[in-house]
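Residue numbers 1 to 208, in UniProt numbering, belong to the letters of the sequence shown in order. We put the CB at the ideal spot given by N, CA and C, even for glycine.
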Amino acid sequence: MTLGQALETGDISAARRSLRALTTTEEHDEALAALAQHASGSSEVTELFIETLDGTGVVHRFASAALLDKASVDDVVQDSLISIAESIGSYNGRGKVTTWVHSIVRRRVVDHLRRQRETAPLREDNAPAARMSSMIATRRTVQDALAALPEIYRVPVTMRDIDGVPYAEIAEQLDRSIGTVKSQVSRGRAMVAASLQENNPANWGKDT
Numbered sequence: 001m002t003l004g005q006a007l008e009t010g011d012i013s014a015a016r017r018s019l020r021a022l023t024t025t026e027e028h029d030e031a032l033a034a035l036a037q038h039a040s041g042s043s044e045v046t047e048l049f050i051e052t053l054d055g056t057g058v059v060h061r062f063a064s065a066a067l068l069d070k071a072s073v074d075d076v077v078q079d080s081l082i083s084i085a086e087s088i089g090s091y092n093g094r095g096k097v098t099t100w101v102h103s104i105v106r107r108r109v110v111d112h113l114r115r116q117r118e119t120a121p122l123r124e125d126n127a128p129a130a131r132m133s134s135m136i137a138t139r140r141t142v143q144d145a146l147a148a149l150p151e152i153y154r155v156p157v158t159m160r161d162i163d164g165v166p167y168a169e170i171a172e173q174l175d176r177s178i179g180t181v182k183s184q185v186s187r188g189r190a191m192v193a194a195s196l197q198e199n200n201p202a203n204w205g206k207d208t
């Protein structure tokens with residue numbers, strides 16, 4: 001069964017098997033386009049899209065090209081994956097998925113740099129308080145989604161994305177191979193992003 005057939009029938013297991021057989025950049029690009037077309041309104045396909053995208057390293061390469069600080073790159077990658085999941089329905093299929101992804105990563109980079117520059121004194125209006133409330137709410141939502149992950153994914157994702165532990169050290173501490181850890185982190189990130197998409201008010205009322 002091809003990836004397209006699996007997605008048409010809603011067979012996520014078959015879709016995952018098809019994705020494991022991909023080897024070339026062109027194959028991954030075609031697969032991402034197919035996943036994006038079926039992801040809107042489906043948390044399972046969105047999760048599979050984010051997992052596949054994260055596995056290609058494209059988002060990390062885009063962020064690394066714009067930022068030098070490793071911690072900043074990691075922050076932008078996580079923010080970008082969440083934004084991509086939340087806005088997956090906006091992909092119109094007319095261009096390459098990676099071009100669309102790049103535009104989102106670029107905006108997250110700009111947002112990150114803007115936050116770093118925001119050192120102006122507090123004004124008397126409510127804008128700073130509103131921004132802080134929004135940041136707290138977003139952080140809490142991400143934390144809730146992370147807490148809901150199965151332990152096999154929650155622990156390595158927390159160690160990598162919250163504590164900043166290198167993959168090699170995570171593998172040593174958890175007694176797993178680096179490849180397994182990277183796969184579990186990628187899957188966990190995808191599950192978090194899909195959960196946030198599912199709970200995004202902008203998506204409420206859409207067919208599932």
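The beta carbon of H28 is closer than 6 Å to those of L22 and T56 in its chain, skipping five residues each way along the sequence. The straight-line gap separating the alpha-carbon atoms of R114 and T2 is approximately 44 Å. Using a Cβ distance threshold of 8 Å, D69 and D161 do not count as a contacting pair.
Per the coordinates, the alpha-carbon of R154 lies some 6 Å from the alpha-carbon of L146. Under the criterion of beta carbons closer than 8 Å, R108 and V157 do not qualify as touching, at roughly 19 Å. Only exposed fits D163, as fewer than 16 other CB atoms lie within 10 angstroms of its CB. For A14, same chain residues with a beta-carbon under 7 Å away, outside a window of 5 residues either side, are M1 and A6 in chain order.
In the three-state DSSP reduction, G89 falls in the helix class (H, G or I).
For I162, there is no enclosing alpha helix (DSSP H), since its DSSP letter is neither H nor E. The three-state secondary structure of G10, taken from DSSP, is coil.
The beta carbon of H38 is closer than 7 Å to those of L7 and V45 in its chain, skipping five residues each way along the sequence.
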